[in-house]
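Take a look at the structure set out below.
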Amino acid sequence: MEQKTKIHAEDGKQEMVITREFDLPLELLFRAYEEPGIVEQWMGTKVLKLESKNHGSYQFETTDPKGNKHRFNGAIHELSPNRKIIRTFEMENTPFGVQLEVLEFEKLTEETSKLNMHVIYESVAQRDQILKLPFVQGINWAHNRLQEIAGKLKPS
Amino acid sequence: MTAGAIASNFDSARPTISKHLQILTECELVEQQQKGREIYYHLNAKKMKTVADFIEPFRKMWDDRFNRLESVMKNYKPKK
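Residue numbers (our numbering), protein chains in the order written: chain A, 1 to 156; chain B, 157 to 236.
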């Protein structure tokens with residue numbers, strides 16, 4: 001099956017491209033990025049601030065399963081309705097630095113659209129570290145589960 | 157495929173292709189098989205999958221997120 005979301009990350013480069021085609025008209029896709037209430041629903045975050053305009057800024061907050069709060073923020077350099085968003089993104093209190101995101105929205109048909117997300121990192125190492133995060137989290141999760149299960153196997 | 161057959165699909169010079177194949181072989185992404193005078197190259201699908209898997213959780217995270225976006229917007233009633 002053709003994958004709807006594609007990641008293109010060439011070796012040794014400090015950038016990555018994420019593309020996705022949506023069964024949504026372009027206007028609805030763009031609105032999902034513009035309106036705080038909608039962003040909250042699909043990103044699973046609390047939107048503390050979202051100024052959808054040129055030279056605006058945003059701040060989101062997520063709560064992990066342990067109840068720890070993580071904040072993300074960035075500046076919106078450009079917002080051209082139904083066309084383009086250029087913004088920065090930073091995870092607060094982490095060593096991952098700042099990334100530049102160029103989001104391009106494209107109409108395919110009346111009912112479908114495409115998002116092209118070009119992300120540029122401060123360095124190759126930083127990109128690779130972020131790329132690995134969900135992988136590492138997955139392994140940690142598996143280890144924790146293993147420990148949990150093993151903990152229950154104490155000899156009686 | 158032979159190195160010649162592979163090279164015919166690219167604009168790069170033959171030695172460049174050979175060098176690439178040598179590196180891919182070292183990484184075990186392709187395997188060599190000697191048949192008479194020719195060396196045939198095969199994809200090592202298993203190894204390819206390992207390399208792809210490394211990015212897969214990241215892709216999955218975005219895929220889940222975008223699937224959510226899609227379903228949220230499908231139920232969205234625009235205020236006119």
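Glycine included, every Cβ here is placed at the ideal spot set by N, Cα and C.
- Counting of Cβ neighbours within 10 angstroms places residue 146 of chain A among the exposed residues, the total staying below 16.
- Selection A/22, A/139, A/54, A/72 evaluated against residue 43 of chain A yields A/72 as nearest (Cα-Cα).
- With a 10 Å radius around the Cβ and a threshold of 16 neighbouring Cβ atoms, residue 3 of chain A comes out exposed.
- Counted as a single uninterrupted DSSP element, the stretch harbouring residue 91 of chain A is not any alpha helix (DSSP H) but the beta strand (DSSP E) occupying residues 84-91.
- Residue 91 of chain A is outside the set of residues whose beta carbon lies under 8 Å from a beta carbon in chain B.
- At least one CB of chain B lies nearer than 8 Å to the CB of residue 42 of chain A.
- Here residue 14 of chain A carries a coil assignment [DSSP, helix/strand/coil].
- With its beta carbon at least 8 Å from every one in chain B, residue 13 of chain A lies outside the interface.
- For residue 5 of chain A, no alpha helix (DSSP H) segment is defined; the enclosing uninterrupted segment is the beta strand (DSSP E) at 5-8.
- By the C-beta density criterion, residue 189 of chain B is exposed, having fewer than 16 other C-beta atoms within 10 angstroms.
- Proximity of residue 226 of chain B to chain A, defined by a Cβ-Cβ separation below 8 Å, is satisfied.
- For residue 75 of chain A, there is no enclosing alpha helix (DSSP H); the residue is found in the beta strand (DSSP E) stretching over 69-80.
- An exposed status is given to residue 166 of chain B, since fewer than 16 other beta-carbon atoms sit within 10 Å of its beta-carbon.
- Within the same chain, 8, 118 come within 6 Å of residue 17 of chain A by CB-CB distance, once the 5 residues on both sides are set aside.
- At a Cβ-Cβ threshold of 8 Å, residue 22 of chain A and residue 88 of chain A do not count as neighbours.
- Taking a 10 Å sphere around the C-beta of residue 20 of chain A, we find 16 or more other C-beta atoms and assign the residue as buried.
- If you look at residue 56 of chain A, you'll find it isn't in any alpha helix (DSSP H); it sits in the beta strand (DSSP E) that goes 56-63.
- For residue 220 of chain B, the closest of A/135, A/5, A/152 by C-alpha to C-alpha distance is A/5.
- By alpha-carbon distance to residue 82 of chain A, the top candidate from A/134, A/116, A/152 is A/116.
- For residue 170 of chain B, the nearest beta carbon of chain A is not closer than 8 Å to its own beta carbon.
- Look at the segment 103-118 of chain A: the residues with a C-beta under 9 Å from a C-beta of chain B are 115, 117.
- For the segment 198-217 of chain B, the beta-carbon criterion of a distance under 9 Å to any beta-carbon of chain A is satisfied by 209, 210, 211, 212, 213, 214, 215, 216, 217.
- Of all alpha-carbon atoms in A/60, A/126, A/66, the one lying nearest the alpha-carbon of residue 92 of chain A is that of A/60.
- In this structure residue 196 of chain B is not in contact with residue 186 of chain B, their Cβ atoms being roughly 10 Å apart against a cut-off of 8 Å.
- Sorting B/210, B/204, B/158 by C-alpha distance to the C-alpha of residue 139 of chain A places B/210 at the top.
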